[in-house]
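Residue numbers (the working numbering): 319 to 698.
Here it is as structure tokens:
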């Protein structure tokens, strides 16, 4: 039956609408398929666990000071993630960039990125123990540079600041004595001389303050009670002994420690300036053997040419042998009133000793070319 109310073009128009709707949904399905494929590909390439069936534990270490980039690269190298670049961006996006903590972790190749990040930022990693070695004759700045180079601390700033002030270590009686000294303000670092050379076992995520405490506390072990008694006999304080020991450490090899000590004791007793080049080198930060007149005349309380007596404090961290030598100088050299010494062989550290200025000047004339050649070769 024919319906007069339906126009002839109604069926064609309806089909167009249906076709448009169908095409729209087909496009949506196609887009969904493309996006699903893209997401699946991204997951497969960057996001998914490396191997969901591998539940074996892998030891992974984050060292103190490691950047997110280094952690990401190390994870990829150990095949714990698929992409270091994506992991880095993912960690930053999730807010974990600054939360990863040092330690040794047990990870699995079946873990997701979220699970890995949760583990590394939990602080549950086993602390990493390592050895550090402080060499006799090193200054505080040498130690700081070494710790940075070894990755123990990220920057030397806090370490140096703590050593300069020294106030956080006032509980140690010898540090307290230094901080109570009226000449404290003249010292470059309050703790110079008191970071005992030795090999120490530390955690890599330990703070600068804890490292310093460990080194400072060892000082007590190298200065027993009988040393205090001996220092009193010499009318010297513990700080005097450490200051003298630091000069001895810098000036000589172990075999000559007691003889160099005797020279310094003789000069102190006779109120003659020590005239020690190593005090100038400490101020200038140079290792050159030959110093200029300008160097020797530098305005500094550490200048042992211009100022009689001992410098305001140690110029390095001396060994136990140097400390003992400061307390027990060579008896024969004391009796012979030896007052001078100079380098005889820069390569071996052998020294030439003299009683008089004339003898010393003659020795300097002989050995000066060797010092100049040594500087040209090692300190151009």
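Using N, Cα and C, we set each Cβ at its ideal position, and we do this for glycine too.
Note that the structure is a prediction, hence the values are computed from the model and not measured.
(1) Using the Cα positions of residue 745 and residue 536, report the straight-line distance between them to the nearest angstrom.
(2) Touch check for the region 473-488 and the region 605-612: three-plus C-beta pairs under 8 Å?
(3) Would you say residue 660 and residue 669 are within 9 Å of each other, going by their C-beta atoms?
(4) Does the Cβ of residue 500 have 16 or more other Cβ atoms within 10 Å, making it buried, or fewer, making it exposed?
(5) Kindly indicate which three-state DSSP category residue 521 falls into: helix, strand or coil?
(6) Am I right that residue 469 and residue 413 are in contact with their C-beta atoms under 8 Å? What's the rounded C-beta distance?
(7) So, with DSSP's three-state summary, where would you put residue 625?
(8) Threshold first: 3 residues or longer. Then list the beta strand (DSSP E) segments lying entirely within the region 430-463, N to C.
(9) DSSP on residue 380, reduced to helix/strand/coil?
(10) Would the beta-carbon of residue 576 fall within 9 Å of that of residue 643?
(11) Is DSSP giving residue 506 helix, strand or coil here?
(12) Would you check if there are 3 or more beta carbon pairs closer than 8 Å linking the region 546-556 to the region 501-513?
(13) What are the boundary residues of the alpha helix (DSSP H) that residue 567 is part of?
(14) Taking 9 Å as the threshold (C-beta atoms), are residue 403 and residue 390 in contact?
(15) Please state the DSSP three-state secondary structure of residue 668.
(16) Going by C-alpha to C-alpha distance, which of 448, 693, 466, 638 sits closest to residue 518?
(17) Suppose you measure from the CA of residue 406 to the CA of residue 335; what does that come to, to the nearest Å?
(18) Following the continuous alpha helix (DSSP H) through residue 551, name the residue where it begins and the one where it ends.
(19) Taking three-plus beta-carbon pairs below 8 Å as touching, is the region 432-452 in contact with the region 518-533?
(20) Give the range of the alpha helix (DSSP H) segment to which residue 474 is assigned.
(21) What's the call for residue 681, buried or exposed, on a 16-neighbour Cβ count within 10 Å?
(22) For residue 584, which residues of its own chain have a beta-carbon under 7 Å away from its beta-carbon, when the five flanking residues on both sides are left out?
(23) Does the count of Cβ pairs from the region 518-528 and the region 619-631 closer than 8 Å reach three?
(24) Under 9 Å between the Cβ atoms of residue 641 and residue 541?
(25) Please classify residue 592: does DSSP put it in a helix, a strand, or coil?
(26) Kindly indicate which three-state DSSP category residue 651 falls into: helix, strand or coil?
(27) Residue 575 bridges to which residues according to DSSP?
(28) Taking all protein chains shown into account, decide if residue 357 is buried (16 or more other Cβ within 10 angstroms of its Cβ) or exposed.
(29) Buried or exposed for residue 319, going by 16 or more other Cβ atoms inside 10 Å?
(30) Quick one: give me the first and last residue of the beta strand (DSSP E) that residue 661 is part of.
(31) Could you check which residue in 411, 427, 438 has the C-alpha nearest to that of residue 419?
(32) Does the distance from the C-beta atom of residue 446 to that of residue 422 stay below 9 Å?
(33) Considering just the uninterrupted stretch of the beta strand (DSSP E) at residue 426, what are its terminal residues?
On the basis of the data shown:
(1) Past the boundaries of the shown model lies residue 745; the chain is included only from 319 to 698, so the question cannot be answered.
(2) no
(3) For this step, residue 660 is matched to residue 342 along the chain shown. For this step, residue 669 is matched to residue 351 along the chain shown. Cβ atoms of residue 660 and residue 669: closer than 9 Å.
(4) Within the chain shown, numbered from 1, the residue matching residue 500 stands at position 182. That one is exposed.
(5) Sequence index remark: in the chain shown, residue 521 carries index 203 (1-based). In the structure shown, residue 521 sits in a strand (DSSP, three-state: E or B).
(6) Residue 469 sits at position 151 when you count from the first residue of the chain shown. Residue 413 sits at position 95 when you count from the first residue of the chain shown. A Cβ-Cβ separation of about 25 Å leaves residue 469 out of contact with residue 413 under the 8 Å criterion.
(7) Start at 1 with the first residue of the chain shown, and residue 625 comes out as number 307. Annotated three-state conformation of residue 625 is coil, per DSSP.
(8) 447-452
(9) Taking the first residue of the chain shown as 1, we reach residue 380 at position 62. DSSP places residue 380 in strand when its eight states are reduced to three.
(10) For the purposes of this step, residue 576 is taken as residue 258 along the chain shown, with counting starting at 1. For the purposes of this step, residue 643 is taken as residue 325 along the chain shown, with counting starting at 1. Yes, Cβ-Cβ distance for residue 576 and residue 643 is below 9 Å.
(11) The residue given as residue 506 occupies position 188 in the chain shown. Here residue 506 carries a coil assignment [DSSP, helix/strand/coil].
(12) At 8 Å Cβ cutoff, the stretches do not touch.
(13) Indexing the chain shown from 1 puts residue 567 at position 249. Element bounds for residue 567: 556-569.
(14) Indexing the chain shown from 1 puts residue 390 at position 72. Indexing the chain shown from 1 puts residue 403 at position 85. Cβ atoms of residue 390 and residue 403: closer than 9 Å.
(15) The count along the chain shown starts at 1 and reaches residue 668 at position 350. Looking at residue 668 - three-state DSSP - the assignment turns out to be strand.
(16) As a first step, residue 518 is located in the chain shown; it is residue number 200 there, counting from the start. Checking every option, the nearest Cα to that of residue 518 belongs to 448.
(17) The residue given as residue 406 occupies position 88 in the chain shown. The residue given as residue 335 occupies position 17 in the chain shown. For residue 406 and residue 335, the distance between alpha carbons rounds to 49 Å.
(18) Reading the chain shown from its first residue, position 233 is the one you call residue 551. That run of the alpha helix (DSSP H) goes 543-551.
(19) yes
(20) Indexing the chain shown from 1 puts residue 474 at position 156. From DSSP, residue 474 is part of no alpha helix (DSSP H); its letter is neither H nor E.
(21) As a working note, residue 681 is residue 363 in the chain shown. Buried: at least 16 other Cβ atoms inside 10 Å.
(22) Counting from 1 along the chain shown, the entry for residue 584 is found at position 266. So the qualifying residues of the chain are 652, 655, 656, 657.
(23) no
(24) As a working mapping, residue 641 is identified with position 323 in the chain shown. As a working mapping, residue 541 is identified with position 223 in the chain shown. Yes, Cβ-Cβ distance for residue 641 and residue 541 is below 9 Å.
(25) Position 274 of the chain shown, counting from 1, holds the residue named residue 592. DSSP places residue 592 in coil when its eight states are reduced to three.
(26) Numbered from 1 along the chain shown, position 333 holds the residue referred to as residue 651. Helix at residue 651.
(27) The residue labelled residue 575 in the question sits at position 257 within the chain shown. In the DSSP output, where bridge partners are listed per residue, residue 575 has none listed.
(28) Mapped onto the chain shown, residue 357 falls at position 39. Unreliable placement is indicated for residue 357, whose pLDDT of 47 sits below 50; the coordinate value is still reported in the next sentence. So residue 357 counts as exposed.
(29) For this step, residue 319 is matched to residue 1 along the chain shown. Residue confidence is low: residue 319 scores 47 on pLDDT, short of 50, so the model does not pin down where it sits. Its coordinate-derived value is still stated next. It is exposed - the Cβ of residue 319 has fewer than 16 other Cβ atoms within 10 Å.
(30) For the purposes of this step, residue 661 is taken as residue 343 along the chain shown, with counting starting at 1. Start and end: 658-663.
(31) Position 101 of the chain shown holds residue 419. Of the listed residues, the one whose Cα sits closest to residue 419 is 438.
(32) Translated into the one-based positions of the chain shown, residue 446 becomes position 128. Translated into the one-based positions of the chain shown, residue 422 becomes position 104. Yes, these two residues count as a Cβ contact at 9 Å.
(33) Counting from 1 along the chain shown, the entry for residue 426 is found at position 108. Start and end: 421-426.
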